[in-house]
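Trainee:
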Ligand code: NAD
């Protein structure tokens, strides 16, 4: 099957995928698969004006009716699952199983958001004044800007968009410049849902901005975009966060991670080995929740590590479209170079490196395939503290559980974490106030691969934002406190008297 068949079935015409200034290459083999048109930063204000005007009518549509649009989007995603999953694989290189999994996640969040559209609950609050009633209500905010990274090119959009739409907002999406095709395909899928929905969805409810950072910046800097949800590197968050804050906008930052697993003496090592493998080499180490640090009790280190190293040596690296492949390519050469320099730095600081070499260079001269690397480190140093977005797992020993938790927390990032143990004291300590400092903390399950039902995000340099399930929807709405006086007098709060004769 050729690229163009998939693009065509997803509704993208030849004219939309050829002749543009942004060249799209597939990490599978480095081949150019499309060239799409880009928007200029100077044209972004007109897009924002269109989204703002759409918001003004969309906010008046009842929330359960807004949910109907997201229900239709979920139906269209079900119909497009295989094609979109394959396009995810072609454009960002994750194996087809994971491409399908990413689309399933989109379907799941749509289902969640449909239910949510009837549950945007506020509180009722007891008033201290007689004949008064207080409540808290939630209202649409305005235009929601979404910036997304290459490694989850479509799921992150859906986490934000499904919630933003039921919450009554319009959406402008600036996808990664490395994955514009999947973004354009999502726009087409949403258009199908909009066509079925009816006239109460206004023109301009959703826009895609294909372009570079300057285009993202035009959105980030606009006072007409009250929410900016930005997913990507911590370096990006350092630029975007302060800009949004300077204009008193709201940002939802989902940035880099440096996720750890503690393996204790009582752990089920068979389970631990499987979890290590999936969470450290899955998506070729290019997940924000990828396992990057393995903190192993010194008494079981010699038992566990040979198994991990052997599994790493045998894992199938190859074409992500082929059945049986577990590790696809890195996104590009810059990513490969970054991995090699991290490995060199780790080695120079006393690390023992297993794996990490380029593979399949003859078959795919333009693709960057690597054997995932395990690096045994004497200590957790600066190299380990840095997120290198590639399959490198640093392994270190610990001797007391408290020291292991301290090591887990002693990095600048705070996204995901886990412990493998069958000791309830260790498990509960890890999840307690004195345990993991991350946004996600798991027991006997790896740090990657979250379900949409929970709030997703992390602390410290990961940015503090929360997306997806639980009450993450509140970040897309404006909270209002209401007091209603149904009495015939006007008592003041705190018993203040303020009488006029
Ligand atoms: P990146 O930071 O290079 O780019 C992410 C997006 O930000 C792109 O769309 C890019 O164009 C945009 N961008 C960059 N600088 C900008 C600026 N100054 N103004 C406006 N937009 C700007 O990240 P990447 O290489 O695509 O993705 C990998 C990184 O993303 C890793 O650090 C990974 O951990 C992180 N990530 C985090 C999460 C999460 O939920 N926490 C999820 C996926 C990826």
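In our numbering, the protein residues as written are -15 to 485. Don't be surprised by glycine CBs; every beta carbon is placed ideally from N, CA and C. Note that this is a predicted model, so its numbers are computed, not measured.
With distances taken between CB atoms, is the gap from residue 255 to residue 401 smaller than 9 Å?
Mentor: No, the pair does not count as a contact, with Cβ atoms beyond the cut-off.
Trainee: Helix or strand or just coil, what does DSSP make of residue 45?
Mentor: Residue 45 falls in the coil class under three-state DSSP.
Trainee: Compute the beta-carbon to beta-carbon distance between residue 276 and residue 377, rounded to the nearest angstrom, for a pair I have assumed lies under 8 Å.
Mentor: About 6 Å separates the two Cβ atoms, so the contact holds.
Trainee: Quick check: is any heavy atom of the ligand NAD less than 8 Å from the C-beta of residue 420?
Mentor: Every heavy atom of the ligand NAD is 8 Å or more from the Cβ of residue 420, so no.
Trainee: What do you get for residue 232, buried or exposed, if any count of 16 or more other CB atoms within 10 angstroms of its CB means buried?
Mentor: It counts as exposed.
Trainee: Between residue 442 and residue 424, how many whole angstroms is the CB-CB distance? I'm expecting something under 8 Å.
Mentor: Going by Cβ atoms, the distance from residue 442 to residue 424 rounds to 7 Å, so yes, they are a contact pair.
Trainee: Examine the Cβ distances between the stretch 208 to 218 and the stretch 113 to 132 and report whether three or more of them are shorter than 8 Å.
Mentor: Yes, since at least three Cβ pairs between the stretch 208 to 218 and the stretch 113 to 132 fall closer than 8 Å, the two stretches touch.
Trainee: Given 8 Å as the limit, tell me if residue 272 has its C-beta closer than that to any heavy atom belonging to the ligand NAD.
Mentor: Yes - the ligand NAD has a heavy atom lying nearer than 8 Å to the Cβ of residue 272.
Trainee: Closest to residue 115 by C-alpha separation, out of 485, 476, 484, would be which residue?
Mentor: Per the Cα distances, 476.
Trainee: What is the DSSP secondary structure of residue 450, reduced to helix, strand or coil?
Mentor: Coil.
Trainee: Assess, as a yes-or-no matter, whether the stretch 377 to 397 is touched by the stretch 234 to 249 under the definition of 3 or more beta carbon pairs within less than 8 Å.
Mentor: They touch, by the three-pair rule.
Trainee: The ligand NAD and residue 346: does any heavy atom of the ligand fall closer than 8 Å to the residue's C-beta?
Mentor: No; taking the cut-off as 8 Å, the Cβ of residue 346 has no heavy atom of the ligand NAD nearer than that.
Trainee: To the nearest angstrom, report how far apart residue 372 and residue 57 are at their CA atoms.
Mentor: Whole-angstrom Cα-Cα distance: 35 Å.
Trainee: Taking 7 Å as the limit between beta carbons, can you name the residues of its chain near residue 207, skipping five residues before and five after?
Mentor: Around residue 207: 231.
Trainee: Less than 7 Å between C-beta atoms, sequence neighbours within five positions excluded: which residues of the same chain meet that for residue 467?
Mentor: 111, 116, 118.
Trainee: Kindly examine the ligand NAD and report whether one of its heavy atoms sits closer than 8 Å to the Cβ of residue 135.
Mentor: It does: the Cβ of residue 135 is within 8 Å (strictly closer) of some heavy atom of the ligand NAD.
Trainee: May I have the straight-line CA-CA distance separating residue -2 from residue 360, to the nearest angstrom?
Mentor: Looking at the two C-alpha atoms, the distance is approximately 50 Å.
Trainee: Within the continuous beta strand (DSSP E) that includes residue 120, where are the two ends?
Mentor: That run of the beta strand (DSSP E) goes 116 to 124.
Trainee: On the three-state DSSP scale, how would you describe residue 93?
Mentor: Helix at residue 93.
Trainee: The alpha helix (DSSP H) with residue 147 in it runs from where to where?
Mentor: Its alpha helix (DSSP H) spans residues 139 to 150.
Trainee: Around the Cβ of residue 107, are there at least 16 other Cβ atoms within 10 angstroms (buried) or fewer (exposed)?
Mentor: Residue 107 should be labelled exposed.
Trainee: Which value, in whole angstroms, describes the spacing of the CA atoms of residue 489 and residue 50?
Mentor: Coverage of the chain is limited to positions -15 through 485, which leaves residue 489 absent and any answer about it impossible.
Trainee: Would you decide whether residue 156 is buried or exposed? Buried here means 16 or more other CB atoms lie within 10 Å of its CB.
Mentor: Buried, since its Cβ has 16 or more Cβ neighbours within 10 Å.
Trainee: If you reduce the DSSP assignment to three classes, tell me which class residue 397 lands in.
Mentor: Residue state, collapsed to three classes: strand.
Trainee: Nearest-angstrom Cα distance between residue 461 and residue 171?
Mentor: Using only the alpha carbons, I get a separation of about 23 Å.
Trainee: Tell me whether the beta-carbon of residue 143 lies closer than 9 Å to the beta-carbon of residue 167.
Mentor: Not in contact: residue 143 and residue 167 (Cβ atoms no closer than 9 Å).
Trainee: Does the ligand NAD have even one heavy atom less than 8 Å from the beta-carbon of residue 197?
Mentor: Checking the Cβ of residue 197 against the ligand NAD gives yes.
Trainee: For the ligand NAD, I want to know if residue 486 counts as a neighbour, meaning its beta carbon is within less than 8 Å of at least one of the ligand's heavy atoms.
Mentor: Because the chain in this structure spans residues -15 to 485, residue 486 falls outside the shown range and cannot be described.
Trainee: Given a cut-off of 9 Å, decide if residue 238 and residue 449 are closer than it, judged by their beta-carbon atoms.
Mentor: A contact, by the Cβ cut-off of 9 Å.
Trainee: Report yes if the C-beta of residue 211 is less than 8 Å from at least one heavy atom of the ligand NAD; otherwise report no.
Mentor: Flag unset: Cβ of residue 211 not near the ligand NAD.
Trainee: Could you tell me which of 20, 220, 279, 60 sits nearest to residue 388, measuring between CA atoms?
Mentor: With distances taken between Cα atoms, residue 388 lies closest to 279.
Trainee: Determine the DSSP secondary structure at residue 344, reduced to helix, strand or coil.
Mentor: If DSSP states are grouped into helix, strand and coil, residue 344 belongs with coil.
Trainee: State yes or no: is the C-beta of residue 194 within less than 9 Å of the C-beta of residue 332?
Mentor: For residue 194 and residue 332, no; Cβs fall outside 9 Å.
Trainee: Shorter than 8 Å, the distance from the beta carbon of residue 162 to the closest heavy atom of the ligand NAD, or not?
Mentor: Correct: residue 162 has its Cβ closer than 8 Å to the ligand NAD.
Trainee: With burial defined as no fewer than 16 other Cβ atoms inside 10 Å of the residue's Cβ, what is the status of residue 481: buried or exposed?
Mentor: Answer is exposed; the Cβ neighbour count stays below 16.
Trainee: Tell me whether residue 386 is buried or exposed, calling it buried when 16 or more other Cβ atoms sit within 10 Å of its Cβ.
Mentor: The residue in question, residue 386, is exposed, as its Cβ has fewer than 16 Cβ neighbours within 10 Å.
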